[in-house]
Amino acid sequence: MTAIRPDKPAAYYGRPRREMIAQVPATARRVLDVGCGAGAFGAGLKSAWRERGESLEIWGLEMDPEAGTRAAAVLDRVLIGDAAALAADLPAGHFDAVVFNDVLEHVLDPGALLAAMAPLLVAGGCAVASIPNVRHFPHLWDVVVRGRWDYTDEGILDRTHLRFFTRASMERLFAEAGFAVESVMGINPTGSAKFKLVNLLTLGRWADMRYLQFAIRARREGP
0 MTAIRPDKPA
10 AYYGRPRREM
20 IAQVPATARR
30 VLDVGCGAGA
40 FGAGLKSAWR
50 ERGESLEIWG
60 LEMDPEAGTR
70 AAAVLDRVLI
80 GDAAALAADL
90 PAGHFDAVVF
100 NDVLEHVLDP
110 GALLAAMAPL
120 LVAGGCAVAS
130 IPNVRHFPHL
140 WDVVVRGRWD
150 YTDEGILDRT
160 HLRFFTRASM
170 ERLFAEAGFA
180 VESVMGINPT
190 GSAKFKLVNL
200 LTLGRWADMR
210 YLQFAIRARR
220 EGP
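So for the sequence shown, numbering that gives the first Met the number 0 puts the first residue at 0; every next one is plus one.
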């Protein structure tokens with residue numbers, strides 16, 4: 000179940016992911032950021048809550064020791080190690096939301112990780128995730144037209160990705176882990192002129208190919 004993210008540059012762990020802030024419920028008061036990196040997203044989340052005159056407690060889980068040490072300076076608590084293994088050390092029913100920003104695709108068994116985090120949520124708590132879309136048009140153009148499937152340092156074919164998802168398989172992943180999907184939103188769209196033409200010719204049937212990632216919010220089902 001270990002996530003694999005070796006030899007990443009420091010900047011990789013410091014991205015604020017501002018587009019994901021709105022996905023966290025405004026009513027949340029305690030958030031667990033799984034794969035928190037250097038804490039940039041959590042710091043931005045705290046700032047957004049402060050602007051509304053509200054406080055937010057954020058815990059982070061991070062595999063990379065250097066990034067985790069940096070996160071500890073801006074988050075309320077950070078644990079370093081494998082997220083699934085650390086779940087047993089976390090308080091049950093404590094968090095209003097658990098966030099996975101581009102984490103689940105790095106995990107050997109993402110469904111098991113989601114299931115392990117579910118008991119940490121309050122009743123009605125939610126999981127929030129950003130997941131790369133393998134149907135992203137530039138990627139499919141490379142595969143179908145150019146015949147290329149080249150692993151890279153980042154992006155859809157990040158060489159540390161262990162799993163690949165479409166929108167439909169993302170939703171199924173959460174449902175099978177005991178979550179009810181509330182919203183799915185495309186983020187980071189392509190500006191490709193080729194995509195615009197293809198989308199027009201197909202009457203919008205391939206609209207999901209526009210997005211590099213999907214942001215998902217899903218509620219924990221059951222007690």
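We put the beta carbon where it would ideally sit given N, CA and C, even for glycine.
Can you tell me which of Glu-104, Val-98, Arg-216 puts its alpha carbon nearest to the alpha carbon of Glu-153? Glu-104
Answer with buried or exposed for Leu-200, where buried requires no fewer than 16 other C-beta atoms within 10 angstroms of its C-beta. exposed
For Glu-65, report the span of its alpha helix (DSSP H) as first-last. 64-70
Span of the beta strand (DSSP E) around Ser-191: From DSSP, Ser-191 is part of no beta strand (DSSP E); its letter is neither H nor E.
Would you kindly report the start and end of the unbroken alpha helix (DSSP H) that includes Leu-112? 109-116
Go through its chain and collect everything with a Cβ distance to Arg-204's Cβ below 8 Å, but skip five positions before and after it. none
If you check the beta carbons only, do Pro-162 and Asn-132 fall under 9 Å apart? Per the sequence shown, residue 162 should be read as Arg rather than Pro. It is not a contact, given that the beta carbons lie outside the stated cut-off.
Measure from the alpha carbon of Ile-215 to the alpha carbon of each residue in Asp-207, Pro-15, Gln-22, then state which is nearest. Gln-22
Looking only at its own chain, which residues have a Cβ that is under 8 Å from the Cβ of Asp-95, when we skip the five neighbours before and after it? Pro-24, Thr-26, Ala-27, Arg-28, Arg-29, Val-30, Leu-120, Val-121, Gly-124, Cys-125
Tell me which residue opens and which closes the alpha helix (DSSP H) that Trp-58 is part of. It is not in any alpha helix (DSSP H) - Trp-58 instead sits in the beta strand (DSSP E) that spans 56-61.
Please classify Pro-131: does DSSP put it in a helix, a strand, or coil? strand
Candidates Asp-75, Gly-146, Lys-195: which alpha carbon is nearest Lys-45's? Asp-75
Suppose the cutoff is 8 Å on Cβ atoms and the five residues either side in sequence are ignored; what does the same chain contact list for Arg-14 look like? Gly-36, Ala-39, Phe-40
Given a cut-off of 9 Å, decide if Ala-206 and Val-180 are closer than it, judged by their beta-carbon atoms. no
Through-space distance from Pro-109 to Glu-56, alpha-carbon basis: 25 Å
Which value, in whole angstroms, describes the spacing of the CA atoms of Arg-147 and Ala-91? 45 Å
Have a look at the DSSP bridge pairing and note the partners of Thr-151. Asp-157
Just checking my contact of Ile-186 with Phe-213 at CB under 8 Å: how many whole Å lie between their CB atoms? 7 Å
Under a three-way DSSP split, which group does Ala-91 fall into? coil
Alpha carbon to alpha carbon, how far is Gly-59 from Ala-71? Give it in angstroms, no decimals. 8 Å
Which residue from Leu-202, Glu-65, Ala-82, Gly-43 puts its Cα closest to that of Ala-111? Ala-82
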